[in-house]
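*Asks:* Pasting a structure here, questions to come.
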Amino acid sequence: MPVIVAENISKKYIIDHQRKSGSSGLRDVVSETVDKIFKKKAKDDFSEKEEFWALKDINFSIDQGDRIGIVGHNGAGKSTLLKILSRITEPSTGQIKIEGRIASLLEVGTGFHPELTGRENIFLNGAILGMAKSEIRESFDAIVDFAGVEKFLDTPVKRYSSGMYVRLGFAIAAHLNPEILIVDEVLAVGDTEFQKKCLGKMRDVSESGRTLIFVSHNLTAIQALCNKSFYFEKGRMIDQGETSHIITNYLSKVSHKSLDKHWDNIESAPGNDQVRVKRFKLFPEYQDDLNHIDVRTPINFQFEFWNLVEGANLNLSMHLYTFTGECIFNVGTQSESFPKGLVTGTCELPGNFLNDGSYVVSMMIVKDTSTVLYNMEEALVFDIEDYRENVTWYGKWPGYIRPQLNFSIRQTEHVVND
Amino acid sequence: MAAQHTTTIKAGGSEKDYWKDLWLHRQLLWILSKRDISVRYKQTLLGVAWSVLRPFMTMTVMVFVFRYVAKIDSDPGVPYPLMVLSGLTIWSFFSNTFQQISNSILLNSNLVSKVYFPRLLMPLSSIAVGFVDFLIALGIFIVLTPFFDYTISWQIIYVPFFVLLTFITSMGFGLFFAVLNVRFRDIGQLIPFLIQVGMYILPVAYPSSLVKDTWFEKYYNLNPLVGIIGGFRWCLLGEKSYFNPQSLYSTVIISFSILILSLIYFRRKENTFVDHI
């Protein structure tokens, strides 16, 4: 049974290019009006105002118990949709019918007042989120316990550490009991411990048969929590369906990957009169049928070039950089003497080695182990997606590499009770 | 299945359940009011003392300026300080609540952009602080009366009626400015000026009998606050204080009309406040 039905939802904003900020002064409006009356030219000013459709013709239906993930770039309209669903702003056209009590968590600790104590803020924030006083009183102890702020209940929250502040805010939200819960990127704040609690609580919500709408940039979390997903781009919903399908689709469009570069014509190929590049390609050994590179995926690089000088003594040197430009490693081949013709170099990058992220590869052709004949900078770009098994933690895994080492624990001594 | 709760969201969404929704959120109204009051008294060093000192000091200055410098006299038999204090009490209630209501949406912009509730709760809850100050000022008046060999009139029982009228008037003007304030930020600077002017053109520090039988009396009485101040004074000081009941007609008609128009305006704009914040 659908609990949310949205028909033709659009949201229009007027962007005024004459103004710097969103809010305008009365002075501006008065002077513009005066201009309009006295100057015929002023009509041209209308062109300065531009319509911007943050959402355009959105239709969807969400069934009871669905856990919907919403993916898309910044500015795709995700937040606008959440704002409309939470009734913070209204759509310019269309209508949405919602069956059931709806609560939205767009921010942790909305309306907290720094001067008020933790206790006062629990009641304030709870009421703002739509809880009845009796409900707050019932879950008061649980909230305090969850947040771990017993000692500071009567301290103004302005003296709280940011961690405590966020924990208290989330603890209150976690005890909401709506039929439909809307959650924005709240995972972006807080420490990993908090994120874990946060996701655990959301899993509880989804498992209890309630409806969840979740926006996040963390695709792993969406994959773990949501059964269906919407994909937004430039204010339109371009795809909806099974989460795994949507995420594959999203990933294929999102990255500026270049996994294969090749030139068939030796004249136009990059290089010089000594070497020219024919092809640089990477072959991932996909570990599942989603066909995307994740941290488990071994990757083979293949580099082909034409050697134009008889008997040249050549070797290859490959650099791997993070997307932000830090070099992670540099590997080189043995130097060998080659006759004229095609030379192929291969490099195997094992799975379970690099961390998730975007990577850039450069390849150098070196002569006599000292002279760089040709350096193909930023030749390939690829993304490694996160993948985790048997974990309940979805925070960003730290580090550039994520090797699987022989790391184990075992009991080495028994406590003797006497 | 639990009791169905259906919400329809659409453009220009004047849901028919708006007033029911407002009623359902009454606890939030109470909590927001309590927040404003407790924050007000936590932040100031003098706390409650400030609410006592302010009307008292203003009264002293006004008595000096109007009674001794300008040499204006009060109605026969009415002590000048009491006349000023009664006028100040109701005028401060109006001006404080008017100012609070006008700024209520902007001051709560963090809520407006993150969570839904009927936006009318913000102006409504912002009245609380002004009302507490009003009660304190009224208390000061009652305490001071015997020092001027005066007894409070039995008509004090009509005070709630005038408080209600003041509330309606400040809500009417305040809601209008609250909406404008979101759209045009410089309106905020206009409000203190309006209040300052109001203090002088209204019979706050002088008796309204001074205006009696002048050519501008009928225009003067069009101001809804003239009837409120005159009437409130009459409640506390009795028949000796001049009050033209006719000024009350315009008060009631104008205040109610403005309130209704402002409410319509507010309701039409409230769902898009966030787009301008």
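Which chain is which? The protein sequence lines are A and B, in order.
Each residue of the first sequence is one higher than the one before, counting from 1 in the UniProt record's numbering.
Each residue of the second sequence is one higher than the one before, counting from 1 in the UniProt record's numbering.
All C-beta atoms in this analysis are idealised placements derived from N, C-alpha and C, irrespective of residue type, glycine included.
Values in this document were obtained by computation on a predicted structure and should not be read as measured data.
Among B:Asp73, B:Val63, B:His25, B:Val78, which residue has its Cα nearest to the Cα of B:Ser241?
*Replies:* B:Val78
*Asks:* Between A:Lys78 and chain B, is the shortest Cβ-Cβ distance under 8 Å, so that the two count as touching?
*Replies:* A:Lys78 does not count as touching chain B.
*Asks:* Closer than 8 Å, Cβ to Cβ, to anything on chain A: give me those residues from the stretch 35 to 48 of chain B, in chain order.
*Replies:* Arg35, Ser38, Val39, Lys42, Gln43
*Asks:* Could one say the Cβ of A:Lys41 lies closer than 8 Å to chain B's Cβ atoms, at least one of them?
*Replies:* For A:Lys41, the predicted structure reports a pLDDT of 47, less than 50, and the residue's modelled location is therefore unreliable. The matter cannot be settled from this model.
*Asks:* Using alpha carbons as the reference points, say which of A:Glu90, A:Tyr250, A:Asn227, A:Cys347 lies closest to A:Gly72.
*Replies:* A:Tyr250
*Asks:* Quick one: what's A:Ser335 bridged to in DSSP?
*Replies:* DSSP, once it has assigned bridges, lists no residue as partnering A:Ser335.
*Asks:* So A:Arg296 and A:Tyr400 are in contact, right, with Cβ under 8 Å, and what is the actual spacing, rounded?
*Replies:* Not confirmed; about 17 Å, so no contact.
*Asks:* Which residues in the same chain have their Cβ closer than 7 Å to the Cβ of B:Arg67, if we skip the five residues on either side of it in sequence?
*Replies:* Tyr80
*Asks:* Any idea what DSSP makes of A:Gln404, helix, strand or coil?
*Replies:* coil
*Asks:* My assumption, with CB atoms under 8 Å, is that A:Asp184 sits in contact with A:Val215. Please give the rounded CB distance.
*Replies:* 5 Å
*Asks:* Three or more C-beta pairs under 8 Å: does that hold for the stretch 150 to 159 of chain A against the stretch 171 to 178 of chain A?
*Replies:* no
*Asks:* Excluding the five sequence neighbours on either side, which residues of its own chain have a C-beta within less than 6 Å of the C-beta of A:Glu150, listed in chain order?
*Replies:* Val144
*Asks:* I think B:Ile152 touches B:Thr145, with their Cβ atoms under 8 Å apart; what is that distance to the nearest whole Å?
*Replies:* 6 Å
*Asks:* Between which two residues does the beta strand (DSSP E) holding A:Asp383 run?
*Replies:* 371 to 384
*Asks:* Looking at the unbroken alpha helix (DSSP H) that takes in B:Asp133, where does it start and where does it end?
*Replies:* 127 to 144
*Asks:* Exposed or buried, what is A:His319 when buried is set at 16 or more other beta-carbons lying within 10 Å of its beta-carbon?
*Replies:* buried
*Asks:* Could you list the residues in the stretch 110 to 138 of chain B with a C-beta less than 8 Å from some C-beta on chain A, going in chain order?
*Replies:* Asn110, Leu111, Val112, Ser113, Lys114, Val115, Tyr116, Phe117
*Asks:* For B:Gly139, count neighbouring C-beta atoms within 10 Å of its own C-beta (all shown protein chains included) and say buried if the count is 16 or more, exposed if not.
*Replies:* exposed
*Asks:* Mind listing the chain A neighbours of B:Lys10? Cutoff is C-beta to C-beta under 8 Å, in chain order.
*Replies:* Per Cβ cutoff of 8 Å: Glu90, Pro91, Gly94, Gln95, Ile96.
*Asks:* Using a 10 Å radius around the Cβ and a threshold of 16 neighbouring Cβ atoms, would you call A:Glu99 buried or exposed?
*Replies:* It is buried - the Cβ of A:Glu99 has at least 16 other Cβ atoms within 10 Å.
*Asks:* Could you pull the start and end residues of the beta strand (DSSP E) that A:Phe230 belongs to?
*Replies:* 228 to 233
*Asks:* Just mark B:Trp23 as buried or exposed, buried being the case when its beta carbon has 16 or more other beta carbons within 10 Å.
*Replies:* exposed
*Asks:* Label B:Met57 either buried or exposed according to how many other C-beta atoms from any shown protein chain fall within 10 Å of its C-beta, with 16 as the threshold for buried.
*Replies:* exposed
*Asks:* Residues of chain B with CB closer than 7 Å to the CB of A:Ala127, please, in chain order.
*Replies:* Gln27, Leu28, Ile31
*Asks:* Please report the straight-line C-alpha distance between A:Ala269 and A:Val366, rounded to a whole angstrom.
*Replies:* 18 Å
*Asks:* Measure the C-alpha to C-alpha separation of A:Tyr321 and A:Ala379 and round it to an integer number of angstroms.
*Replies:* 11 Å
*Asks:* Does the separation of the CB atoms of A:Trp397 and A:Asp356 fall below 8 Å?
*Replies:* Between A:Trp397 and A:Asp356, the C-beta gap is smaller than 8 Å, which places the two residues in contact.
*Asks:* A:Ala132 touches chain B at which residues, Cβ-Cβ below 7 Å?
*Replies:* Gln27
*Asks:* Who are the Cβ neighbours of A:Gln334 in its own chain at under 7 Å, not counting the five residues just before and after it?
*Replies:* Asn315
*Asks:* Leaving out five residues on either side along the sequence, give the residues of the same chain with a beta carbon under 6 Å from the beta carbon of A:Lys97.
*Replies:* Val5
*Asks:* Which residues bound the beta strand (DSSP E) around B:Phe117?
*Replies:* Neither: B:Phe117 is in no beta strand (DSSP E) and is coded neither H nor E.
*Asks:* Indicate the three-state DSSP secondary structure (helix, strand or coil) for A:Gly209 in the structure shown.
*Replies:* coil
*Asks:* Mark A:His262 as exposed unless 16 or more other C-beta atoms lie within 10 angstroms of its C-beta, in which case mark it buried.
*Replies:* Here A:His262 is exposed. Its C-beta has fewer than 16 other C-beta atoms within 10 Å.
*Asks:* Is it the case that the Cβ atoms of B:Val39 and A:His113 are separated by a distance below 8 Å?
*Replies:* yes
*Asks:* Does the CB of A:Ser86 have a neighbour CB from chain B at under 8 Å?
*Replies:* yes
*Asks:* So with CB distances below 8 Å, who are the chain A contacts of B:Asn271?
*Replies:* Arg87, Thr89, Glu90
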